[in-house]
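Have a look at the structure below before the remarks.
Residue numbers (this note's numbering): 7 to 330.
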C-alpha cells in the first residue's frame, strides 16, 4: 500500500514537473514572440514607392485647402496598421488625411487648417505605446523622402535648405509666397548657393537689374532659352537677407505675377505654374517647351520643401483661430 501511494505521489510530481516545463516553454515562446513583435514595430517599414504614395495623397487631399505633411500621415497610418504600412490602400490614407483637416467659417469665407499628428492619434484612441510610436516613426522619417540622399543632414542640399529656411519663412510672412517655392527658386537659381552670382553678388534668385533697380549691379553670363548664353546685368546685394527680401518685393511690385495668379495659388504646384506664366524664367527644353514650373515642382518634392508649407500654414491658421 505504502509503495503504491509513493508511486502515485511520484507520478503526480512528474506530471506537475512536465506541466511546469511545458508552461515554461510556452511562456518562453510567448515572450520571444513578444520581443520579435516589439522589434518589428520599432522601425517604420516604409519603401520609396510607399513614400511616393503618401506624398501624392497628402498633396491631393489638401489641394485648395491646406498643405498636409505626408510624414505625419505616414506615421499615424503605420501605427494604425500595426506597421504593416505596405497593406494600407489609398482609401485608408485618404480617410486619415481627412482626419487631419480642420475647417472654419469666418466672414463668409472658409479657412482650412491641419491638426497635429498627436491630436489625430488621440482622436483615433491610440494608447500610450501607440502614441509613442507615432512620434518615433515621424522622427525616423526625418531624412527619408523621394530622394533621401538630399535629406541627409550632411548633404549640400539639406545644408542649403537649412541655411535659407529662416529667410524663406520671412518672405512668406511678409509677402505671402509659399516657403517651398522661395527655397526651390533659390535652390534652382543659385545651384544651392554655389553659383558665381550667389557667391559674389548675394543674388540667390537671378534677378536682373532692370530700369526700376537703383541699387548696385554686376554683369555676368547667363543662359537664355535653350543653351543660348548672353551677358546681362544683375542686382547685387550686401547680404543674403537683402536678396530674399528683394525677391519678395520684386514679385509683389511687378503686376504680371499677380495677374498670373501667383498670390492666389494655394499650393506649390499652382504657384510654380503661375511664376512660369508670369515670365519669371524663359527656360526651355530642346523641344522649345517651357520647363521652369516642372523644375521648381520637382525640387520641392525632391527636398521635402512642401513640409515647410505645412508648418507655416498650420501656424497661420492656429494664430487666426486658436489651436483647437
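All C-beta atoms, glycine included, are put in the ideal place defined by N, C-alpha and C. Model, not experiment: these values are computed from the prediction.
Buried versus exposed call for residue i [16 or more other C-beta atoms within 10 Å across all chains shown]
i, result
"residue 83", "buried"
"residue 90", "exposed"
"residue 216", "exposed"
"residue 113", "exposed"
"residue 294", "exposed"
"residue 93", "exposed"
"residue 312", "buried"
"residue 285", "exposed"
"residue 196", "buried"
Helix, strand or coil at residue i according to DSSP, with G and I counted as helix
i, result
"residue 288", "coil"
"residue 304", "helix"
"residue 224", "strand"
"residue 118", "strand"
"residue 193", "helix"
"residue 109", "strand"
"residue 239", "strand"
"residue 296", "strand"
"residue 80", "helix"
"residue 49", "coil"
"residue 273", "coil"
"residue 74", "coil"
"residue 184", "coil"
"residue 153", "coil"
"residue 86", "helix"
"residue 134", "helix"
"residue 129", "helix"
Residue range of the unbroken beta strand (DSSP E) whose run includes residue i
i, result
"residue 204", "It is not in any beta strand (DSSP E) - residue 204 instead sits in the alpha helix (DSSP H) that spans 202 to 207."
Unbroken alpha helix (DSSP H) run spanning residue i, endpoints
i, result
"residue 63", "54 to 68"
"residue 326", "312 to 327"
"residue 175", "162 to 181"
"residue 92", "Per DSSP, residue 92 belongs to no alpha helix (DSSP H) and is neither H nor E."
"residue 256", "246 to 259"
"residue 268", "No alpha helix (DSSP H) contains residue 268, which DSSP labels as neither H nor E."
Short Cβ contact (9 Å threshold) for residue i with residue j
i, j, result
"residue 72", "residue 316", "yes"
"residue 319", "residue 119", "yes"
"residue 250", "residue 297", "no"
"residue 25", "residue 67", "no"
"residue 278", "residue 306", "yes"
"residue 54", "residue 310", "no"
"residue 81", "residue 144", "yes"
"residue 203", "residue 224", "yes"
"residue 212", "residue 166", "no"
Paired residues, beta bridge with residue i - DSSP
i, result
"residue 214", "240"
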